Amino acid sequence: MKNRTCATCNRQWPYKLALKKAWQGKGAVECPYCHTSQYLTPRTRLHAGSYAIMAMAIIFIARVFVEMTTIQSIVVALGIFFIVFLVYPLTIELTDEEKQLF
Ligand SMILES: [Zn+2]
Numbered sequence: 002m003k004n005r006t007c008a009t010c011n012r013q014w015p016y017k018l019a020l021k022k023a024w025q026g027k028g029a030v031e032c033p034y035c036h037t038s039q040y041l042t043p044r045t046r047l048h049a050g051s052y053a054i055m056a057m058a059i060i061f062i063a064r065v066f067v068e069m070t071t072i073q074s075i076v077v078a079l080g081i082f083f084i085v086f087l088v089y090p091l092t093i094e095l096t097d098e099e100k101q102l103f
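The numbering used here numbers the first residue of the sequence shown as 2 and each following residue consecutively.
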């Protein structure tokens with residue numbers, strides 16, 4: 002399945018809509034092309050969790066090797082979260098039925 006692509010009409014969503022859907026979490030978003038309800042796949046939702054863990058791990062490891070003040074680590078943390086915030090919507094996969102994670 003291609004990223005950001007509607008499961009019903011196979012057209013790719015604009016980035017802005019993907020951004021909205023990616024961070025809205027649960028619930029449906031209407032496809033702008035075929036007007037069906039689309040949901041994030043369970044795999045996509047798992048990815049969101051692992052990105053958050055990865056971001057925290059990077060900060061933790063960075064603090065071991067680089068001496069950082071609390072303020073500096075907060076700035077680095079915000080930077081990483083900002084990157085995840087912008088990149089994660091590019092990786093989302095959509096489905097036309099709501100599936101449970103497990
Ligand atoms: Zn569609």
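Ideal placement from N, C-alpha and C gives every residue a C-beta, glycine not left out. A quick note: this is a predicted structure, and the numbers were derived from the prediction, not measured.
Measure the C-alpha to C-alpha separation of T96 and I54 and round it to an integer number of angstroms. On the sequence shown, residue 96 is found 95 positions in, with the first residue counted as 1. On the sequence shown, residue 54 is found 53 positions in, with the first residue counted as 1. One C-alpha to the other measures close to 25 Å.
Exposed or buried, P15, counting other C-beta atoms within 10 Å across all chains shown (16 or more means buried)? Residue numbering aside, residue 15 sits at position 14 when the sequence shown is read from its first letter. P15 should be labelled exposed.
Cut-off 6 Å between Cβ atoms - residues of its own chain near V85, not counting five sequence neighbours on either side: By one-based count along the sequence shown, residue 85 stands at place 84. For V85, where only same-chain residues beyond five positions count, the Cβ hits under 6 Å are Y52, A56.
Exposed or buried, which one is P90 when buried takes at least 16 other CB atoms within 10 Å? Here residue 90 refers to the residue found at position 89 of the sequence shown. Its Cβ being crowded by 16 or more others within 10 Å, P90 is buried.
Please work out which residues of its chain come closer than 6 Å, Cβ to Cβ, to T45, disregarding the five sequence neighbours upstream and downstream, and give them in chain order. Here residue 45 is taken as the residue at index 44 of the sequence shown, counted from 1. Around T45: I93, E94.
So who's on the other strand from S38, going by DSSP bridges? Stepping through the sequence shown from its first residue, residue 38 is reached at position 37. According to DSSP, which records beta bridges pairwise, S38 is partnered with E31.
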